[in-house]
Amino acid sequence: MAIKAEYIWIDGTKPTAKLRSKTRVLPNADKIPTWGFDGSSTNQAEGHASDRVLDPVRVVPDPIRGGEHILVLCEVLETDGTPHESNNRALLREVAERYADQESIFGIEQEYTFFKGSRPLGFPEGGYPAPQGGYYCGVGAEEVFGREIVELHLDRCLDAGLAICGINAEVMPGQWEFQIGPVDALTVSDDMWIARYLLYRTAEEFGIDATLDAKPARGDWNGAGAHTNFSTKAMREGYEAIITACESLGATQEKVLEHVNQYGDDIQSRLTGKHETAPWNVYSYGVSNRGASVRIPWQVEVEQKGYIEDRRPNANVDPYVVTRLMINTCCEALEKAGQV
Ligand code: ADP
Ligand code: MN
Ligand code: MN
Ligand code: MN
């Protein structure tokens, strides 16, 4: 029987890329062909020669359509087979390959916010809800908004076989989080993009918009981040490597800015030094410190091994970019220090 294959790709919209998808009916799932699209409608081409290529890189069951139907995550290529400039996955592949021996793994915490019309879900018409305090991991109709969407999204991520490992309600009404990991850089990133796709599609069914905006409500409300938890084999085995990784991320101000400038649009509005953040341009790390750029979880200090959490990436960061930067910076430093 014919199957529906939903080809999903990341477009060239700046400053924050959007997901695109379209359906192809295939005789079966044995062969998933490359496909094409009009790059001039996705900020991936100008003028006449606007054909771009969709190269399938990850196929999972489609939990929305069910049956034998599939989701097909793609890289975008030029017609000559080289990666399109919007294709951050291709850049990650190279760096992940170069440092493969260090066995990097990641867990990313994706925060996001539901909007109904122009207001976050749970914000009353023309006013504000009670201040932050009871919403984080909240229970009950006064505290929690959109749980039916979140539960359905979780089920769908599991049905698709994604490495989703948890969900929680966040600090602002209508704000939630899911976590993907701990898995290698390409898997965490592919799964994150597919999970985002499923989030948008699931919320769409409820007439709700899910946004990854870094500061969806101005004022005294938490922003939305994508804390990126990271370890290499050496970090999972000893504390010296944990410290080397933390130091490398702040080695120079240039290094700090190289990361922060690629950690998602509007990062300065979110990393203010308030609302459990460190100022965007001042690097710090500390044990158990949720006001630092990078946190060493308390149990990592106790056990003298484990992982670190870079708290700076925005919700709207591209996971292919943040994982590439962290591998590049930390693995290079670990290699130089002979701690591999
Ligand atoms: P927080 O207390 O910051 O809210 P979460 O429970 O939301 O923490 O997320 C912790 C993340 O850390 C999870 O995504 C998990 O996959 C990840 N993680 C756990 N162990 C490791 C590890 N050794 N290396 C990398 N990531 C890890
Ligand atoms: Mn979390
Ligand atoms: Mn969180
Ligand atoms: Mn966190």
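Read left to right, the sequence shown gives residues 8 to 347 (our numbering). Idealized CB from N, CA, C, for every residue including glycine. Computed from a predicted model, the values in this text were never measured in an experiment.
In this structure, the C-beta of Glu184 approaches ligand 2 to less than 7 angstroms from one of its heavy atoms. For Val60, the closest of Cys81, Asn50 and Pro70 by C-alpha to C-alpha distance is Cys81.
Contact annotation: the segment 218-233 does not touch the segment 286-305, with fewer than three C-beta pairs closer than 8 angstroms. The C-beta separation of Ile215 from Ile174 comes to about 16 angstroms, leaving the pair out of contact by the 8 angstroms criterion. Taking the Cα positions, Arg100 is about 44 angstroms away from Ala148.
Setting aside the 5 residues that flank it on each side, Thr251 is surrounded in the same chain by Cys337, Ala340, Leu341, Ala344 and Gln346, each with a C-beta closer than 8 angstroms to its C-beta; the list follows chain order. At least one heavy atom of ligand 4 is found less than 7 angstroms from the C-beta of Glu116.
Beta-carbon to beta-carbon, Val329 and Cys253 are separated by about 16 angstroms, too far to satisfy the 8 angstroms threshold.
Note on Ser93: 16 or more other CB atoms within 10 angstroms of its CB, so buried under the neighbour-count rule. Taken from the Cβ of Glu316, every heavy atom of ligand 3 lies 7 angstroms or farther away. Between ligand 2 and His55, a heavy atom-to-CB distance of less than 7 angstroms is absent. For His266, the Cβ stays outside the 7 angstroms cut-off from all heavy atoms of ligand 2.
By the Cβ neighbour-count rule, Pro138 is exposed, with fewer than 16 other Cβ atoms within 10 Å of its own. No residue range can be given for Lys21, since it is assigned to no alpha helix (DSSP H) and is classified by DSSP as neither H nor E. Burial check for Val324: the Cβ neighbour count within 10 Å reaches 16 or more, so the residue is buried. Taking C-beta atoms as the reference points, Pro189 and Tyr270 fail to come closer than 8 angstroms. Within its own chain, the residues whose Cβ lies closer than 8 angstroms to the Cβ of Ile39, once the five positions on either side in sequence are excluded, are Ala12, Leu33, Pro63, Val66, Ile77 and Val79, listed in chain order. By the beta-carbon neighbour count (other beta carbons within 10 angstroms, threshold 16), Val195 is buried.
Along the segment 58-129, the alpha helix (DSSP H) occurs as fully enclosed runs of 4 or more residues at 95-105, listed in sequence order. Gly313 is positioned such that its CB atom lies closer than 8 angstroms to that of Met242.
Setting aside the 5 residues that flank it on each side, Gln311 is surrounded in the same chain by Tyr246, each with a C-beta closer than 6 angstroms to its C-beta; the list follows chain order. Annotation for Asp45: the continuous beta strand (DSSP E) segment containing it runs Trp42 to Asp45. The beta carbon of Val309 sits closer than 6 angstroms to no other beta carbon from its chain once the five residues preceding and following it are set aside. Around the beta carbon of Glu211, fewer than 16 other beta carbons sit within 10 angstroms, so the residue counts as exposed.
In summary, Cys164 is buried, with 16 or more beta-carbon neighbours lying within 10 Å of its beta-carbon over all protein chains present. Of Gly145, Val102, Gly88 and Met8, the smallest CA-CA separation from Asn335 is found for Val102.
For Val195, the uninterrupted alpha helix (DSSP H) segment begins and ends at Ala192 to Glu212. Taking each of Ile249, Asp273 and Met333 in turn and checking the Cα distance to Gln306, the smallest one comes out for Ile249. The segment 40-48 and the segment 111-129 do not touch, with fewer than three beta-carbon pairs separated by less than 8 angstroms.
If you draw a straight line from the Cα of Glu283 to the Cα of Gln260, it is about 22 angstroms long. Looking at the backbone, the Cα of Gln186 and that of Glu265 are separated by about 25 angstroms.
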